[in-house]
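Each protein sequence line maps, in turn, to chains A and B. For the first sequence, the working numbering assigns the number 2 to the initial residue and increments by one for each residue that follows. For the second sequence, the working numbering assigns the number 695 to the initial residue and increments by one for each residue that follows. Note that the Cβ used here is the ideal one computed from N, Cα and C, for glycine as well. Small disclaimer: the values here were computed from a predicted structure and weren't measured.
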Amino acid sequence: MFRWDIVGQYLFSGLFISAAWTTLWIAVISQVCGVIIGLFLALMRTSRYRWLSLPARFYIWIFRGSPLLVQLLLLYFGFPEVFPGLVPYITIYSAALIAFSFNEGAYMAEIVRAGITSVDPGQMEAAKSLGMRYALAMRRIILPQAARVIVPPLGNEFNNMLKTTSLASVIGLFELTYTAQVYGSQSFSYFELLVVATFYYLILTTLWGYIQSYIEKRMDPNRLTATELKAQKSWTQRMMGFGSRGDRLAGTRR
Amino acid sequence: MINMEKQRTNGIEMLRAEKIVKHFGNLTVLDGIDLSVQRGQVVVIIGPSGSGKTTLLRCINHLEKIDSGRIYIEGEMIGYREVNSKLVEDREATIARIRSQIGFVFQRFNLFPHMTALENVIEAPIHVLHQPKAEVKERAVALLEKVGLADKADAYPHKLSGGQQQRVAIARALAMNPKLMLFDEATSALDPELVGEVLKVMDQLAKEGMTMIVVTHEMGFAREVADEVIFMDHAVIVEEGTPEQIFDNPQHERTRAFLSMIL
């Protein structure tokens, strides 16, 4: 028997609001760290020096090739066992943040690399011919152009990250999923509280969907005018596959 | 020899290349090229595609490594230093410093698409030479005016025609106050009606005394502007001389064959 009153009771409770907050900040910090790690890995990976590219390839191979859940368990339960000195440093929070950041770094590395290689090689040559060194050319010329290619998949990565944080429930971190599990089992209302958790995940990913499409429009390379912007897909179209399509609107107006 | 006279009167040697050899895999693209360019001289390199012209130009500012030989800019070797009579590639900072004195104009413009015309021009003087922004901006506006694009300063490259983009690219190179300008088929990617506006800028530069090495298929430009014309074929310099010597009285069969095909 599904009880809506329990859903209602927990929906805007301080318990779930603070759990949602935990989910959000774990996701944001992990994503930011993941992007930074990914950026350095991508630069190493695209280097012509093997002593830089090989470690990066190895890192990416390890982290993309094994389950995040296993990495998390290894870090939280495995490492302190083998290296007792780590015990004071490995808390549920640090373990979750480290595992998510490092794992995300490997995926971001491939995304950033794809962005860098998408930039016309002539751009690097032009920068060099003006006397720029590699690091300056990367920062001022290549990465700003690569960003256009990087940002859309980066947005999807963060959408994933918001949901991936639920894995931290296995080490007892009170984010949305673990909160629903613990309080659900206490009151025998598993289903209801998981529905509440799902509601919060949807709120977070939907809000992010808005922000993502705003960012993508803002950094469009062609600096589209307002009328051209209207011709792009609406956010409902992007997020859920239905809703108004700007080009159809533009068509009727004509 | 008219050329020898001119070289002696000019005095200062801007570029000296000695026995440049460059391979791409099994293919020899430059097979012992010797070249000397005096300050203020305009040297035009012509020749069929695949003859090594572009590669030679790219070697001069070390966008390509060379397999052997020496290249000097005002007496300073570029790209390498000699250690126990062996060539070792220079530090990045050294190469960048020498490159900053050589302007390079690409066939495909290679403007920075995320920056306006003005931002393209001021980028390197500010971030490479660390010159004050206001001063650089002033100079950049003057340069854009010089290439006839004062009104396009705030336009992004994709809003400009090919000819306009190439003129911005020339202004961008000039903003570094280069000692030497290299033009790599600067008009080859342009629609025919846009070639003239770029050649005009190059012609004006030559008249102002800029030292230039120009790879081009524009024989009219070569004849009018060049102090010296070099004909390259199959990785070697076949013939060099004044425009009159090369175009009116070519000595080599290959030069004659090439010119009869192109003129």
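In this structure, the straight-line span from the alpha carbon of Ala-96(A) to that of Ser-102(A) is close to 10 Å. Chain B places a beta carbon closer than 8 Å to that of Ala-127(A), counting this residue as a contact. Chain B has no Cβ within less than 8 Å of the Cβ of Ile-37(A).
In this structure, the beta-carbon distance from Ala-834(B) to Leu-812(B) falls below 8 Å. Assigned with DSSP and collapsed to three states, Glu-839(B) falls in helix. With respect to chain A, the C-beta atom of Leu-757(B) has a partner C-beta closer than 8 Å. With its beta carbon less than 8 Å from one in chain A, Arg-791(B) belongs to the interface.
Interface criterion met: the Cβ of Ser-130(A) is under 8 Å from a Cβ in chain B. Per the C-alpha coordinates, the member of Ala-128(A), Ser-67(A) and Gly-132(A) positioned closest to Thr-788(B) is Gly-132(A).
For Met-133(A), a Cβ of chain B is located within less than 8 Å of the residue's own Cβ. For a cut-off of 8 Å, the C-beta gap from Arg-866(B) to Val-815(B) is around 5 Å, short enough to register as a contact.
Nearest in C-alpha terms to Asp-784(B), of all of Phe-803(B), Leu-757(B) and Asn-804(B), is Leu-757(B). Here Ala-147(A) has Gly-116, Ile-117 and Val-120 as same chain residues with Cβ atoms under 6 Å from its own Cβ, once five neighbours each way along the sequence are excluded. Classified as buried, Phe-952(B) has 16 or more neighbouring CB atoms from the shown chains inside 10 Å of its CB. DSSP places His-852(B) in the helix class (H, G or I) of the three-state scheme. Note on Ile-204(A): under 16 other CB atoms within 10 angstroms of its CB, so exposed under the neighbour-count rule. Assignment of Ser-188(A) by DSSP, reduced to helix, strand and coil, places it in the coil class. Listed along the chain, the chain A residues whose CB falls inside 8 Å of the CB of Ser-882(B) amount to none; the nearest CB is some 14 Å away.
Val-782(B) is the residue among Ile-767(B), Val-782(B) and Glu-768(B) whose C-alpha sits nearest the C-alpha of Tyr-774(B). Residue state for Ala-57(A) is assigned as helix, using DSSP reduced to three classes. Between the stretch 168 to 186 of chain A and the stretch 853 to 861 of chain B, the count of C-beta pairs closer than 8 Å stays below three; the two stretches do not touch.
Residue state for His-717(B) is assigned as strand, using DSSP reduced to three classes.
By the 16-neighbour rule on beta-carbons within 10 angstroms, Asp-921(B) is buried. Check the Cα spacing between Gly-726(B) and each of Arg-710(B), His-808(B), Ser-743(B) and His-824(B): the tightest is with Arg-710(B). Of the other Cβ atoms in all chains shown, 16 or more fall within 10 Å of the Cβ of Arg-46(A); this residue is therefore buried. Among the bridge pairs identified by DSSP, Lys-780(B) is matched with Val-777(B). Linking Phe-3(A) to Phe-192(A) through their CA atoms gives a straight-line distance of about 8 Å. By alpha-carbon distance to Gly-39(A), the top candidate from Lys-218(A), Arg-65(A), Ile-18(A) and Val-183(A) is Arg-65(A).
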